[in-house]
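Undergrad: Please see the structure below; I have some questions.
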Amino acid sequence: MDPALRPVTRLRSRWPAVALLAVVFVPLLAVVLLALQSLADGVAWQALWTAPQTPTALALTLWTGLVSTVLAWWISAWLLAQGFVRQGLSGMTRALPAMLATPHAALAIGLVFLVAPSGWLLRAASPWLTGFEFPPPWPTTQDPWGLGLIVALVLKEVPFLLWTAASQLQRDDVRRRWQAEHSLAQTLGYGPSQAWWRVIWPQLAPRLLWPLMAVLAYGLTVVDMALVIGPASPPTLAVLAWQWLQDADLAVNAQGAAAGGLLGLLVLVNGLVWWRTSRRRPRWPNGRRGRLPSAMELPHTKRPVPNRAWYALVLVYAAILLALAVGSVAGVWPFPRLLPEAWTLQAWLGVWASAGTVTDTLSLGLASSLLSLLWCVAWLELAPRRWDSALRPLLYLPLVLPGVFWVVGLYGLVLHLHWEGRWPGLLLAHTTLVLPYVLLALSPAYLGFDPRYRSLAASLGHGRWHFLWRVKWPLLRRALAASAAVGFAVSVAQYLPTLYVGAGRWNTVTTEAVTLAAGAQRSLTGAYAWLQFVLPVLGFALAAWVGRPRRFTVTA
Amino acid sequence: MNLNIHIRRLGSPQRTLVSDLKLEVPPGQVLTLMGPSGCGKSSVLAAIAGTLEAVAEGQSALGFEGQVLLGGQDVTRLPTARRGIGLIFQDDLLFAHLSVAENLLFAVPPGPIDVRKDQAEQALAEAGLAGYGDRDPATLSGGQRARVALMRALLARPRALLLDEPFSRLDAALRSQFRDFVFDHIRTAHIPAILVTHDHADISDPSRVVELAHAG
Numbered sequence: 001m002d003p004a005l006r007p008v009t010r011l012r013s014r015w016p017a018v019a020l021l022a023v024v025f026v027p028l029l030a031v032v033l034l035a036l037q038s039l040a041d042g043v044a045w046q047a048l049w050t051a052p053q054t055p056t057a058l059a060l061t062l063w064t065g066l067v068s069t070v071l072a073w074w075i076s077a078w079l080l081a082q083g084f085v086r087q088g089l090s091g092m093t094r095a096l097p098a099m100l101a102t103p104h105a106a107l108a109i110g111l112v113f114l115v116a117p118s119g120w121l122l123r124a125a126s127p128w129l130t131g132f133e134f135p136p137p138w139p140t141t142q143d144p145w146g147l148g149l150i151v152a153l154v155l156k157e158v159p160f161l162l163w164t165a166a167s168q169l170q171r172d173d174v175r176r177r178w179q180a181e182h183s184l185a186q187t188l189g190y191g192p193s194q195a196w197w198r199v200i201w202p203q204l205a206p207r208l209l210w211p212l213m214a215v216l217a218y219g220l221t222v223v224d225m226a227l228v229i230g231p232a233s234p235p236t237l238a239v240l241a242w243q244w245l246q247d248a249d250l251a252v253n254a255q256g257a258a259a260g261g262l263l264g265l266l267v268l269v270n271g272l273v274w275w276r277t278s279r280r281r282p283r284w285p286n287g288r289r290g291r292l293p294s295a296m297e298l299p300h301t302k303r304p305v306p307n308r309a310w311y312a313l314v315l316v317y318a319a320i321l322l323a324l325a326v327g328s329v330a331g332v333w334p335f336p337r338l339l340p341e342a343w344t345l346q347a348w349l350g351v352w353a354s355a356g357t358v359t360d361t362l363s364l365g366l367a368s369s370l371l372s373l374l375w376c377v378a379w380l381e382l383a384p385r386r387w388d389s390a391l392r393p394l395l396y397l398p399l400v401l402p403g404v405f406w407v408v409g410l411y412g413l414v415l416h417l418h419w420e421g422r423w424p425g426l427l428l429a430h431t432t433l434v435l436p437y438v439l440l441a442l443s444p445a446y447l448g449f450d451p452r453y454r455s456l457a458a459s460l461g462h463g464r465w466h467f468l469w470r471v472k473w474p475l476l477r478r479a480l481a482a483s484a485a486v487g488f489a490v491s492v493a494q495y496l497p498t499l500y501v502g503a504g505r506w507n508t509v510t511t512e513a514v515t516l517a518a519g520a521q522r523s524l525t526g527a528y529a530w531l532q533f534v535l536p537v538l539g540f541a542l543a544a545w546v547g548r549p550r551r552f553t554v555t556a
Numbered sequence: 001m002n003l004n005i006h007i008r009r010l011g012s013p014q015r016t017l018v019s020d021l022k023l024e025v026p027p028g029q030v031l032t033l034m035g036p037s038g039c040g041k042s043s044v045l046a047a048i049a050g051t052l053e054a055v056a057e058g059q060s061a062l063g064f065e066g067q068v069l070l071g072g073q074d075v076t077r078l079p080t081a082r083r084g085i086g087l088i089f090q091d092d093l094l095f096a097h098l099s100v101a102e103n104l105l106f107a108v109p110p111g112p113i114d115v116r117k118d119q120a121e122q123a124l125a126e127a128g129l130a131g132y133g134d135r136d137p138a139t140l141s142g143g144q145r146a147r148v149a150l151m152r153a154l155l156a157r158p159r160a161l162l163l164d165e166p167f168s169r170l171d172a173a174l175r176s177q178f179r180d181f182v183f184d185h186i187r188t189a190h191i192p193a194i195l196v197t198h199d200h201a202d203i204s205d206p207s208r209v210v211e212l213a214h215a216g
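Which chain is which? The protein sequence lines are P and L, in order. Quick note on this note's numbering: the first sequence kicks off at 1 and runs consecutively. Quick note on this note's numbering: the second sequence kicks off at 1 and runs consecutively.
If you want it as structure tokens, here you go:
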């Protein structure tokens, strides 16, 4: 029999899949078990319960996490409504990649540069409007109510939700069907936006449940953003846990681990509550048509336009990135002046002098994203579909578990391997967190690949390797490159594992940026935060170049 | 209430699909619009219903110059929701997130819930689907879904009905059955209707057939 036609379901062909499984699941389960093990300490739970900061920290966590999630959810829904009704969705999705590439910490730092008492917003309004000659003593950054943190989280999560929603709305079959249903609802007497809220949104929302859970989990457990812009005394529970984990006292460490476990529980409970409420059946349609537009804009006079709120979001991102860039080259900059009096490259020279930080960031990012990509391709190629779908929840575990909980288990594993503070340990830490994202990014394209190509190649007498190298992977080049870039961006943005597993001996642009944000070195902070944004963007640009469509020299 | 349509030009800036087309349909009658694929039959319906932009998505926008008169009233500038022109698509397009009865209630004008529920029940009974109200639309057969889609369009009390190849997804036996069902309801509702089809068997009134040619 021709090797290409051999049935792929033979038991023999399962061994590679089993091996792949072992490579990832052994460390994954070890991390989870070690993290759980650290929770079996009654004294630590007692200490957590009686610690004076715990109640406030818990309340702040719930407040910032839930409010930011609810806001991000409804703002996204509203932007999507506008985009769908005015057919401006494709215009919106063009700007999304740059927003998605902005790491959380860089966004928070840039936002601080804007809203701080000596930030750009007040400079722009002083002294002509406010009368301030000096920065006012306002708590606009690290405000005790967590408002800054909420704004930062919303800014970061809205593009993510829009992106996942757009990937649903842009599937050809779904888009055509929903466009038709939207028209149909209008012929039944509903206005365009009523038709969206009653027909399209109720069908789209359930499909966004998992992205929403990721947003919720992130909002409740974020550390790096909260360190930069969140409340400080007391901080949110995740930051408190992180401070305890770094304490020299082992008992306090255990208390931190318990707080991480508590966060995990919070995510679980809140996720369940949200899931239950979202499953409530809609009421009987009451038939009310709402207010209808009086006259129609004729289609040919109308250009597809995203709305103003969307442009405002784009503008905020642009302002944040500009603030980081200007901040990184600012020398003397007395308060009400809009631009620095002196420009200096000192911060960038500083970055150059400690070039090891950048090369460590690059080496970790490249190695972890390429390893993850190799594993994901092998897994999607070799694992039976049933295994894959059954094991997905486990593979995605690192996405929903609180970072402070995860690093405890990671550190335990790395200690066993004697890799603490060493490059292989860091690589392991980064890869466990990068892999789920790469898998998430690669799956739709890889699993959606038309299986008939394989049969076609086989019918032409080509074996599996020939098919993979000459047909499948070249056709999927764009998706492969893009998922590697996603992985790289995730690795660059890692804060907790780099610091904790690296035992403080390794610095990446992210750890530098977050650490510096607490100090007064504005230009150096700006430089590292800017790098934090630039490196992933370069990654995506490279991916776009690698994945560019082939240009045919002869056109019809 | 007559439906009068005059399309001076329908097409993208580059390409004219239909030009100088006049249609007139008296109430209770069905005008059949035929022609080869891509000649713009569906776009004519979209222009009448005011849903052209949804058709045009992804391609260059289609524009329409002309007039749509319904019972003497010019509805050309009215938004789709105010026209009172129902549209039946090739797919039944029952909303997947609503039950069968809720799909019907979606179309019933606002009012006391009991009255509205009665109307939906009655429509179900007429479609031979009494007792199916709480079902998931996906569990219905193709013929049943098609009947629900028609009842839904009629429950909104349209002043005219457009049908875009509504029979093409049904097999031969169901097709003639559903065809009679549709034509009966149009007569009873006493509204003008335009039917787009490929199949000569779908013609209800041989004196009211318009053939569209391929516009070069």
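The beta carbon of each residue, even a glycine, is placed where N, CA and C say it ideally should be.
1) Can you tell me where the alpha helix (DSSP H) holding P/A35 begins and where it ends?
2) Locate the beta strand (DSSP E) running through L/L160, then write down its first and last residues.
3) Alpha carbons only, please: which of L/A160, L/V108 and L/L104 is nearest the one belonging to L/A146?
4) Straight-line CA distance for P/H416 to P/A30?
5) Enumerate in chain order the residues of its own chain whose CB-to-CB distance from L/E57 is below 7 Å, with the five nearest sequence positions on each side excluded.
6) If you draw a straight line from the C-alpha of L/L98 to the C-alpha of L/Q119, how long is it?
7) Tell me the rounded alpha-carbon separation between L/L52 and L/G66.
8) According to the neighbour-count rule (16 or more other Cβ atoms, all chains shown, within 10 Å of its Cβ), is P/W469 buried or exposed?
9) By the criterion of Cβ-Cβ separation under 7 Å, what are the contact partners of P/V199 in chain L?
10) Checking 8 Å against the spacing of the C-beta atoms, do P/P234 and P/L442 come in under that value?
11) Roughly how many whole angstroms lie between the Cα atoms of L/L69 and L/L163?
12) Judging by CA-CA distance, which residue of P/P136, P/T102, P/L426 and P/A81 is the nearest neighbour of P/P336?
13) Less than 7 Å between C-beta atoms, sequence neighbours within five positions excluded: which residues of the same chain meet that for P/Y495?
14) With a threshold of 8 Å between beta-carbons, can P/A562 be considered close to chain L, or not?
15) Among the residues of its own chain, which have a CB less than 8 Å from the CB of L/T80, if the five just before and after it don't count?
16) Closest to P/A17 by CA distance: which of P/V408, P/W406, P/S126 and P/L391 is it?
17) Which chain P residues sit within Cβ distance under 7 Å of L/D114?
18) In three-state DSSP terms, what is L/S19?
19) Taking the alpha-carbon of L/N4 as reference, which of L/H198, L/V210, L/P192 and L/S204 has the nearest alpha-carbon?
20) Against chain P, does L/G86 count as a neighbour if the rule is that its beta carbon must be under 8 Å from one of theirs?
21) Which term fits L/K22, buried or exposed, when burial requires 16 or more other beta carbons within 10 angstroms of its beta carbon?
22) Do P/H182 and P/W163 have their C-beta atoms within less than 8 Å of each other?
23) Residue range of the alpha helix (DSSP H) that L/V196 falls in?
24) How many angstroms separate the CA atom of P/L440 from the CA atom of P/V434?
25) According to DSSP, is P/L298 part of a helix, a strand, or is it coil?
26) When the Cβ atoms of the region 34-49 of chain L are set against those of the region 192-205 of chain L, are three or more pairs found closer than 8 Å?
27) Along the region 128-145 of chain L, where does the CB come closer than 7 Å to a CB of chain P? Name the residues.
28) May I ask which residues mark the beginning and end of the alpha helix (DSSP H) holding L/H6?
29) With a 10 Å radius around its C-beta and 16 neighbouring C-beta atoms as the bar for buried, classify P/E157 as buried or exposed.
30) Determine the burial state of L/V30: buried for a count of at least 16 other Cβ atoms within 10 Å of its Cβ, exposed for fewer.
31) For P/A180, which residues in chain B fall below 8 Å Cβ to Cβ?
32) I need the straight-line Cα distance from L/F183 to P/L272, nearest angstrom please.
33) Using the Cβ count rule (16 or more neighbours within 10 Å means buried), how would you classify P/L268?
34) Along chain P, in chain order, which residues have C-beta atoms closer than 9 Å to that of L/F106?
35) For P/A457, which residues of its own chain have a beta-carbon under 6 Å away from its beta-carbon, when the five flanking residues on both sides are left out?
36) The region 17-48 of chain P: which residues have C-beta closer than 8 Å to a C-beta of chain L, in chain order?
TA: Reading it off the structure:
1) Looking up residue 35 of chain P in the first sequence gives position 35. First-last of the alpha helix (DSSP H) with P/A35: W15 to Q37.
2) Stepping through the second sequence from its first residue, residue 160 of chain L is reached at position 160. With the sequence shown as reference, residue 160 of chain L is identified as Ala, and Leu is not the correct amino acid for it. Note, L/A160: beta strand (DSSP E), A160 to D164.
3) Within the second sequence, residue 146 of chain L is the residue found at index 146, counting from 1. It is L/L104 whose Cα lies nearest to the Cα of L/A146.
4) Locating residue 416 of chain P in the first sequence gives position 416, where the first residue counts as 1. Locating residue 30 of chain P in the first sequence gives position 30, where the first residue counts as 1. Distance between the alpha carbons of P/H416 and P/A30 is about 10 Å.
5) On the second sequence, position 57 is the one that residue 57 of chain L refers to. Any reading at L/E57 needs caution, since the residue's pLDDT is 43, under 50, leaving its predicted position unreliable; the model's value is listed next. Within the same chain, L/E57 has no close Cβ partners at all.
6) Sequence index remark: in the second sequence, residue 98 of chain L carries index 98 (1-based). Sequence index remark: in the second sequence, residue 119 of chain L carries index 119 (1-based). When rounded, the distance between both Cα atoms is 17 Å.
7) Residue numbering aside, residue 52 of chain L sits at position 52 when the second sequence is read from its first letter. Residue numbering aside, residue 66 of chain L sits at position 66 when the second sequence is read from its first letter. Taking the straight line joining both Cα atoms gives about 13 Å.
8) Looking up residue 469 of chain P in the first sequence gives position 469. Label assigned to P/W469: exposed.
9) What you label residue 199 of chain P is simply residue 199 of the first sequence in a count that begins at 1. Simply F95.
10) Walking along the first sequence from the start, residue 234 of chain P turns up at place 234. Walking along the first sequence from the start, residue 442 of chain P turns up at place 442. For P/P234 and P/L442, no; Cβs fall outside 8 Å.
11) Here the question's residue 69 of chain L lines up with position 69 in the second sequence. Here the question's residue 163 of chain L lines up with position 163 in the second sequence. Spanning the two alpha carbons is a distance of roughly 18 Å.
12) Residue mapping note: residue 336 of chain P aligns to position 336 of the first sequence, counting from 1. Of P/P136, P/T102, P/L426 and P/A81, the residue nearest in Cα terms is P/P136.
13) To locate residue 495 of chain P, count along the first sequence from 1; it is residue 495. Same-chain partners within the cutoff: A105, V223, D224, T510, T511 and V514.
14) The structure shown has nothing for residue 562 of chain P, since chain P only spans 1 to 556.
15) Within the second sequence, numbered from 1, the residue matching residue 80 of chain L stands at position 80. So the list reads A49, G50 and T51, once near-sequence residues are dropped.
16) Position 17 of the first sequence, counted from the start, is the residue given in the question as residue 17 of chain P. Selected option, being the one with the closest Cα: P/L391.
17) The count along the second sequence starts at 1 and reaches residue 114 of chain L at position 114. Result: empty, since nearest Cβ-Cβ is about 11 Å, beyond 7 Å.
18) Position 19 of the second sequence, counted from the first residue, corresponds to residue 19 of chain L. Note: L/S19 maps to strand in three-state DSSP.
19) Sequence index remark: in the second sequence, residue 4 of chain L carries index 4 (1-based). The option with the nearest alpha carbon to L/N4 is L/P192.
20) Counted from its first residue, the second sequence places residue 86 of chain L at position 86. True, the Cβ-Cβ gap to chain P drops below 8 Å.
21) Mapped onto the second sequence, residue 22 of chain L falls at position 22. L/K22 should be labelled exposed.
22) Within the first sequence, residue 182 of chain P is the residue found at index 182, counting from 1. Within the first sequence, residue 163 of chain P is the residue found at index 163, counting from 1. Not in contact: P/H182 and P/W163 (Cβ atoms no closer than 8 Å).
23) Counted from its first residue, the second sequence places residue 196 of chain L at position 196. From DSSP, L/V196 is part of no alpha helix (DSSP H) but of the beta strand (DSSP E) over A193 to V196.
24) One-based indexing of the first sequence puts residue 440 of chain P at position 440. One-based indexing of the first sequence puts residue 434 of chain P at position 434. Distance between the alpha carbons of P/L440 and P/V434 is about 10 Å.
25) In the first sequence, residue 298 of chain P corresponds to position 298, counting from 1. Low confidence applies here, because P/L298 scores a pLDDT of 47, under 50, leaving its location unreliable; read the following figure in that light. The answer is coil: DSSP assigns P/L298 none of H, G, I, E or B.
26) yes
27) none
28) On the second sequence, position 6 is the one that residue 6 of chain L refers to. Per DSSP, L/H6 belongs to no alpha helix (DSSP H); it is in the beta strand (DSSP E), L3 to G11.
29) Indexing the first sequence from 1 puts residue 157 of chain P at position 157. Counting Cβ neighbours within 10 Å, P/E157 comes out buried, since at least 16 surround it.
30) Within the second sequence, residue 30 of chain L is the residue found at index 30, counting from 1. So L/V30 counts as buried.
31) Of the chains in the structure shown, none is chain B; the protein chains are P and L.
32) Counting from 1 along the second sequence, the entry for residue 183 of chain L is found at position 183. Counting from 1 along the first sequence, the entry for residue 272 of chain P is found at position 272. Their backbone Cα atoms lie some 50 Å apart in a straight line.
33) In the first sequence, the residue the question calls residue 268 of chain P occupies position 268. Exposed, by the Cβ-count rule.
34) As a first step, residue 106 of chain L is located in the second sequence; it is residue number 106 there, counting from the start. Under the 9 Å cutoff, chain P gives A185, L188, Y190, R198, V199, P285 and G287.
35) Here residue 457 of chain P is taken as the residue at index 457 of the first sequence, counted from 1. Within the same chain, P/A457 has close Cβ partners F467 and V471.
36) none
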